[in-house]
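Protein chains: 2
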Amino acid sequence: MPTIKDVAREAGVSIATVSYVLNNKDAFVSAETRRQVLETIERIGYTPNSTARNLKANRTRLIGYAWHEVPYNQVNPVLDRFTYYLAHAAEAAGYHVLTFTHPVTDPLPAYQELINTQRVDAFVLAGTTADDPRIRFLLDENFPFVSFGRSNPDWDFHWVDTDALEGVYEATQYLIRLGHTRIAMAAWPEQSVSGNFRLAGYLKAMQQAGLPVPPHYIIRGEHSEQAGREALAQWCQLPRRQWPTAIIAVSDLVAIGIMNEAERHGLVVGRDVSVTGFDDAPMTQYLRPALTTIQQPIVDITQALIEMLEIVLRKEDTSPQHLLVPTRLIQRASCGRPAPSAGQAGR
Amino acid sequence: MPTIKDVAREAGVSIATVSYVLNNKDAFVSAETRRQVLETIERIGYTPNSTARNLKANRTRLIGYAWHEVPYNQVNPVLDRFTYYLAHAAEAAGYHVLTFTHPVTDPLPAYQELINTQRVDAFVLAGTTADDPRIRFLLDENFPFVSFGRSNPDWDFHWVDTDALEGVYEATQYLIRLGHTRIAMAAWPEQSVSGNFRLAGYLKAMQQAGLPVPPHYIIRGEHSEQAGREALAQWCQLPRRQWPTAIIAVSDLVAIGIMNEAERHGLVVGRDVSVTGFDDAPMTQYLRPALTTIQQPIVDITQALIEMLEIVLRKEDTSPQHLLVPTRLIQRASCGRPAPSAGQAGR
DNA sequence: CTGTTAGCGCTTTCAC
DNA sequence: GTGAAAGCGCTAACAG
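Respectively, the protein sequence lines represent chains D and Y.
Going by the numbering used here, the first residue of the first sequence is number 30, and it counts up by one from there.
Going by the numbering used here, the first residue of the second sequence is number 30, and it counts up by one from there.
Rendered as structure tokens:
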């Protein structure tokens with residue numbers, strides 16, 4: 030690989046001059062010399078060595094992003110896409126993404142190591158939780174990062190998040206417009222920050238429409254197919270005329286559990302019971318019936334994150350920025366009007 | 030961040046000495062000095078700067094891996110997992126993965142750029158095709174890489190691949206053992222290297238069992254749900270007693286199309302028609318019926334790739350290595366015995 | 001305008 | 001055993 034020295038020698042100039050044309054310090058070099066250097070660079074096929082540049086500039090142009098360890102048979106559909114578009118957005122800004130892994134229960138050493146070795150300039154976080162130790166840690170370390178997802182309201186850091194509250198609010202309104210009055214929600218545990226926003230959207234729509242939300246209409250469970258099954262099974266134990274005619278699931282996976290269990294109970298999804306999910310996971314469009322769901326605007330989110338990161342890395346002392354990105358309701362066959370009898374029964 | 034100079038000053042030694050203890054050049058430094066330096070390093074919290082080390086050593090300890098651009102609503106389930114485990118295996122070997130993107134139709138500039146800027150030490154390729162331009166390019170450039178997937182047989186490079194032929198062979202045998210005789214296959218276009226191995230596995234089992242494979246039992250199509258639907262629709266146009274009672278799909282997505290179309294034709298999958306997929310995509314276990322499929326041993330593959338890469342990077346002049354990793358058949362509800370009448374009809 | 005030079009943080013030869 | 005010093009490839013004062 031040719032170095033700056035080779036270019037200098039070949040072009041008959043000093044390495045400084047080469048460096049000047051490389052860095053567009055046009056004022057420092059005559060048009061003619063510039064032309065010559067450029068020609069030489071082209072001819073011998075020279076590209077600056079990024080390691081050397083980075084050493085000099087004390088940066089890496091690398092952004093660290095941790096994969097979440099995931100059980101073999103479970104995948105977070107959103108984060109997969111997220112990683113791709115993050116890399117894409119980062120490249121447009123002149124960065125690359127360094128992906129790393131860590132044990133779910135003990136993420137900090139991996140971050141610490143990357144900071145200590147000065148391997149990355151910043152981190153992008155995803156899948157944040159309440160009291161997220163990573164955020165606390167990076168805040169303490171005063172190391173640059175931006176987060177996809179919120180955490181504790183009193184922690185001040187840059188984040189971008191899906192406006193899940195609004196998204197679920199709209200989905201619920203959609204069900205109400207279809208004529209549903211008995212709408213239930215399969216939610217996540219109370220500790221889940223994002224789960225609570227989704228729940229709040231449901232509650233907001235129900236309240237606004239003056240529809241009752243009996244306590245047993247909210248069932249909390251893990252992020253699993255099983256949790257969806259159990260929720261539906263529980264609702265099916267209510268007296269028939271109290272059965273919800275529509276169900277908001279906190280995620281696609283939970284929605285799938287609900288759909289599968291509905292089938293077991295002889296219910297036709299989209300007719301006897303309407304179901305919505307959240308995420309627009311890859312396969313959901315091919316489910317029978319195809320799942321109505323709330324799509325997260327991953328492309329917008331990754332772009333916003335990188336823009337924020339550029340601000341952070343420029344060290345302009347702006348106060349932490351926050352951005353809520355709107356979702357999109359993907360209407361498919363899993364939702365329909367309530368059966369006439371069912372629709373009335375709630376009144 | 031403290032540097033090696035800080036350590037030297039604090040410990041009252043030269044930076045050379047610090048470097049010696051850092052690099053375990055034990056012979057060069059007395060036990061006592063060594064102890065002192067270590068203590069100082071610990072005290073001031075020093076970690077060597079990786080950029081400086083890499084500049085000196087003329088390497089990056091970074092492995093480039095390209096995400097495949099993917100239509101928004103389609104995800105390659107295998108490659109998502111692959112990326113995670115690749116990062117994991119790389120870390121165990123002291124490397125990190127740099128993920129980058131490129132337009133599907135024009136991958137080379139992205140690789141070229143990374144090589145020229147000396148951003149990475151090597152590449153890992155995935156999703157290889159026949160005449161894969163990336164392989165040809167890297168071979169020409171003589172740049173280190175290993176590949177998940179084969180390409181042209183006359184190109185000599187390091188690869189690891191799923192033993193898809195054997196996997197489909199076993200799956201077909203499984204269907205034969207269940208009593209099926211009219212087994213069809215939804216395959217990929219002829220240009221697909223991996224598709225052809227899968228097809229060969231099917232043919233091998235059929236031939237070995239002495240079962241007929243009429244030409245219309247092999248339908249080729251793209252990697253899409255639609256392709257699966259179209260294949261089944263075509264088979265359904267045959268006289269009823271020639272309908273296949275079992276279908277090997279070249280991928281899960283195609284299998285889903287087959288299942289969905291079967292439903293449209295009033296066929297119950299697992300009873301009237303058995304279906305197998307390939308990949309064990311995340312959601313397939315939750316389909317109704319759950320999909321019998323062939324799982325690729327991603328963890329083994331990534332580990333093997335990294336091991337090979339270490340050999341390549343050590344520049345030991347071993348001839349290119351190849352490794353075929355066995356698959357696992359995941360038996361679920363989409364396969365059953367043929368209906369008695371159907372089973373006979375083929376004879 | 002152009003070149004000389006110091007140095008980014010580290011490793012390693014070579015003297016002592 | 002230890003340290004001085006050269007140098008990896010580059011940038012940017014500074015001098016001319």
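Note that CB positions come from ideal geometry on N, CA and C, so glycine has one too.
Nothing here was measured: the structure is a model prediction, and the numbers come from that model.
Check: Using CA coordinates, which residue listed in Thr-321(Y), Val-149(Y) and Pro-241(Y) is at the minimum distance from Thr-89(D)?; Outcome: Val-149(Y)
Check: Determine which residues of the segment 125-155 of chain Y have a Cβ less than 7 Å from any Cβ of chain D, and write them out in chain order.; Outcome: His-125, Val-126, Leu-127, Thr-128, Phe-129, Thr-130, Asn-145, Thr-146, Gln-147 and Arg-148
Check: Distance cutoff 8 Å, beta carbons only. Does Pro-77(Y) sit that close to anything in chain D?; Outcome: yes
Check: Would you say His-209(D) reaches chain Y, if we count a Cβ-Cβ gap shorter than 8 Å as a contact?; Outcome: no
Check: With a threshold of 8 Å between beta-carbons, can Leu-84(D) be considered close to chain Y, or not?; Outcome: yes
Check: Could you give the DSSP three-state label for Ala-40(D): helix, strand or coil?; Outcome: helix
Check: Look up Gln-373(D) in the DSSP assignment and say whether it is helix, strand or coil.; Outcome: Interpretation of Gln-373(D) is limited by its pLDDT of 44, a score under 50 that renders its predicted location unreliable; the figure taken from the coordinates is listed afterwards. Gln-373(D) falls in the helix class under three-state DSSP.
Check: Between the segment 288-304 of chain D and chain Y, which residues of the former have CB atoms less than 9 Å from a CB of the latter, in chain order?; Outcome: Met-288, Asn-289 and Glu-292
Check: Apart from the five residues on each side of it in sequence, which residues of its chain come closer than 7 Å, Cβ to Cβ, to Leu-108(Y)?; Outcome: His-97, Ala-155 and Gly-156
Check: State yes or no: is the beta carbon of Ile-335(D) nearer than 8 Å to at least one beta carbon in chain Y?; Outcome: no
Check: In chain D, what lies closer than 7 Å to His-117(Y) by C-beta?; Outcome: Thr-130
Check: Which ranges does the alpha helix (DSSP H) cover as unbroken runs of at least 4 residues, wholly within the segment 98-182 of chain Y, from first to last along the chain?; Outcome: 106-121, 137-145 and 162-170
Check: Determine the burial state of Gln-373(Y): buried for a count of at least 16 other Cβ atoms within 10 Å of its Cβ, exposed for fewer.; Outcome: The pLDDT assigned to Gln-373(Y) is 44, lower than 50, so where the model puts this residue is not dependable; a value taken from the coordinates is nonetheless given after this. When all chains shown are included, Gln-373(Y) counts as exposed.
Check: On the DSSP bridge list, what partners appear for Gly-93(Y)?; Outcome: Leu-127(Y) and Phe-152(Y)
Check: Rounding to the nearest angstrom, what Cα-Cα distance links Asp-329(Y) and Leu-115(Y) in this structure?; Outcome: 10 Å
Check: Is any beta-carbon of chain D found at less than 8 Å from that of Ala-374(Y)?; Outcome: Confidence at Ala-374(Y) is low in this model, with a pLDDT of 42, below 50, so its placement is unreliable and the value that follows should be read with caution. False, the Cβ-Cβ gap to chain D never drops below 8 Å.
Check: At 7 Å on the CB atoms, spell out the chain Y contacts of Thr-321(D), in chain order.; Outcome: Result: empty, since nearest Cβ-Cβ is about 14 Å, beyond 7 Å.
Check: By Cβ distance below 8 Å, which residues in the same chain neighbour Ile-327(D) in space, the five residues on each side in sequence not counted?; Outcome: Val-107, Arg-110, Phe-111 and Tyr-114
Check: Assess contact between the segment 219-233 of chain Y and the segment 188-199 of chain Y, defined as three or more Cβ pairs (one per stretch) separated by less than 8 Å. Is contact present?; Outcome: yes
Check: Could you please give the first and the last residue of the uninterrupted beta strand (DSSP E) stretch that includes Gln-324(D)?; Outcome: 322-324
Check: Hey, how far is the Cα of Glu-61(Y) from the Cα of Arg-163(D)?; Outcome: 38 Å
Check: So for Asp-308(D), helix, strand or coil by DSSP?; Outcome: strand
Check: What's the gap between the Cα of Arg-269(D) and the Cα of Ala-118(D)?; Outcome: 51 Å
Check: By the three-class DSSP mapping on this structure, what secondary structure does Ser-223(Y) have?; Outcome: helix
Check: Run through DSSP, which three-state label would Asp-190(D) get?; Outcome: strand
Check: For the candidate residues Val-283(D), Met-214(D) and Asp-183(D), whose alpha-carbon lies nearest to that of Ile-247(D)?; Outcome: Met-214(D)
Check: Name the residue from Thr-69(Y), Ile-144(Y) and Leu-204(Y) whose alpha carbon lies nearest to the alpha carbon of Gly-74(D).; Outcome: Ile-144(Y)
Check: Consider the Cβ of Gln-263(D): report whether some Cβ of chain Y lies at a distance smaller than 8 Å.; Outcome: no
Check: Quick one: which chain D residues come within Cβ less than 8 Å of Ile-285(Y)?; Outcome: Met-312 and Tyr-315
Check: Take the Cβ of His-131(Y) as the centre, count every other Cβ of all protein chains shown within 10 Å, and call the residue buried at 16 or more, exposed below.; Outcome: buried
Check: Leaving aside the five residues before and after Ile-285(D) along the sequence, list all residues of the same chain whose C-beta is less than 6 Å from its C-beta, in chain order.; Outcome: Glu-254
Check: Could you round the C-beta distance between Val-197(Y) and Ile-277(Y) to whole angstroms and report it? I think they count as a contact, below 8 Å.; Outcome: 6 Å
Check: Just the chain D side, please: which residues come within less than 9 Å of Thr-112(Y) by C-beta, in chain order?; Outcome: Trp-96, Asp-109, Thr-112 and Thr-128
Check: When you measure from the CB of Gly-74(D) to every non-hydrogen atom of the ligand SAH, does any distance come out below 7 Å?; Outcome: Questions concerning the ligand SAH fall outside what the structure shown contains, since it holds no ligand whatsoever.
Check: Evaluate Ala-256(D) with the Cβ neighbour count: other Cβ atoms within 10 Å of its Cβ, from every protein chain shown; 16 or more gives buried, anything less gives exposed.; Outcome: buried
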